[in-house]
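J.: Below is the structure I would like to discuss, written out as C-alpha cells.
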Amino acid sequence: MDQSFNVVYANEAAWSVQENTPVRRQHAKCYEAFANRSDPCGTCPAIKVFETPEVQCVSCSGGGDGKACGMQQAFPLTDANGSVVSMLVLFQPASKSVQAAIAEDNPTTPLANGLGDLIGRSPIMQQLFDMTRLVAESSATVLIQGESGTGKELLAKTIHALSPRRDRPFVVVDCGSLPETLLESEL
C-alpha cells in the first residue's frame with residue numbers, strides 16, 4: 003500500500019479476507035477494496051506507520067461503524083534515506099488473530115517459541131516471524147541486512163523453506179568475497 007492508501011499489490015489471501023467487497027482491483031483505496039468504505043477506517047494502523055516508521059500491530063476496528071478492513075499489522079517499507087514510502091500489510095478476518103491464523107496454517111510450528119530454525123518469544127521476534135511468512139508467500143525479491151552474526155542466512159533459509167520455491171536449490175553467496183562493482187551491477 004502506498005502513502006495514499008492505494009493497493010499496490012494484494013495476494014489472494016488478502017482479497018479473500020473480505021469476500022463481500024465489490025471493489026477488487028489493484029490501485030483502489032484499501033478502505034474501498036477491503037472494508038467497502040468511502041473513507042479511511044477510524045483506527046487504521048497504516049496512518050501511524052507513516053508518522054513513525056515502526057511496525058504497527060493494532061487491529062483495525064473500523065472506527066465503531068462495523069466496517070473494518072481486517073488489517074492486523076503494517077510494516078513500513080523505506081527508501082535509502084529511511085523515509086517510509088509504502089508498507090506491507092497483513093490482513094486477517096476480524097474473527098481471527100494473526101497468531102491463531104498462522105498456527106492454523108501450520109500447527110506443527112510452535113509460534114510462541116519460533117518459526118522453523120528461528121527461536122524467540124519477544125514481540126519483535128513475533129513480528130519477524132509474521133513478516134517471514136508474508137514474504138515467503140510472495141515472489142518479491144527480499145534483501146536481508148544486518149550485522150555479522152545476526153542470523154541473516156538462517157532467516158533466508160527459513161524464508162526459502164516456507165516459500166513455493168522450497169523444492170529448488172538454496173544458494174548462499176558470500177557478498178564479502180565479491181568485488182564492489184559486481185555487487186552494484188548484479189545484485
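Offset between the sequence shown (1-based) and our numbering: plus 2.
Think of the CB as a built atom: it goes at the ideal place given N, C-alpha and C, for glycine as much as any other residue.
1. Pick from THR54, SER140, THR183 and SER179: whose alpha carbon is nearest that of LEU164?
2. Indicate the three-state DSSP secondary structure (helix, strand or coil) for ALA142 in the structure shown.
3. Using the three-state DSSP reduction, which class does VAL100 fall into: helix, strand or coil?
4. Can you give the Cα-Cα distance for HIS29 and LEU90, rounded to whole angstroms?
5. Go ahead and pull the three-state DSSP assignment for ALA76.
6. Return the CA-CA distance between ALA76 and SER179, expressed in angstroms with no decimal places.
7. What span of residues does the alpha helix (DSSP H) with SER165 cover, start to end?
8. Bridge partners for GLN58 per DSSP, in chain order?
9. Please confirm if the stretch 131-140 is in contact with the stretch 150-170, defined as three or more CB-CB distances below 8 Å between the two stretches.
10. Could you give the DSSP three-state label for LEU84: helix, strand or coil?
11. Whole angstroms is fine: what's the gap from GLU34's alpha carbon to GLN5's?
12. If we ignore side chains and look at the alpha-carbon of each, how far apart do THR111 and THR134 end up?
13. Do GLY84 and PRO42 have their beta-carbon atoms positioned less than 8 Å apart in this structure?
14. Which residues in the same chain as LYS31 place their Cβ atom closer than 7 Å to its Cβ, once the five residues preceding and following it in sequence are excluded?
T.: So, to answer that:
1. SER140
2. coil
3. Caution applies to VAL100, whose pLDDT of 41 falls short of 50 and renders its modelled position unreliable; the value that the coordinates give is listed next. Residue state, collapsed to three classes: helix.
4. 14 Å
5. strand
6. 35 Å
7. For SER165, there is no enclosing alpha helix (DSSP H), since its DSSP letter is neither H nor E.
8. ALA76
9. The way I'd put it, the stretch 131-140 does touch the stretch 150-170; three or more beta-carbon pairs between them come closer than 8 Å.
10. Here residue 84 turns out to be Gly, not Leu, going by the sequence shown. Here GLY84 sits in coil by DSSP.
11. 15 Å
12. Note that THR111 scores 43 on pLDDT, short of 50, meaning its location in the model is unreliable; the coordinates nonetheless yield the value given after this. Going by the C-alpha atoms only, they are around 13 Å apart.
13. no
14. PHE7 and ASN8
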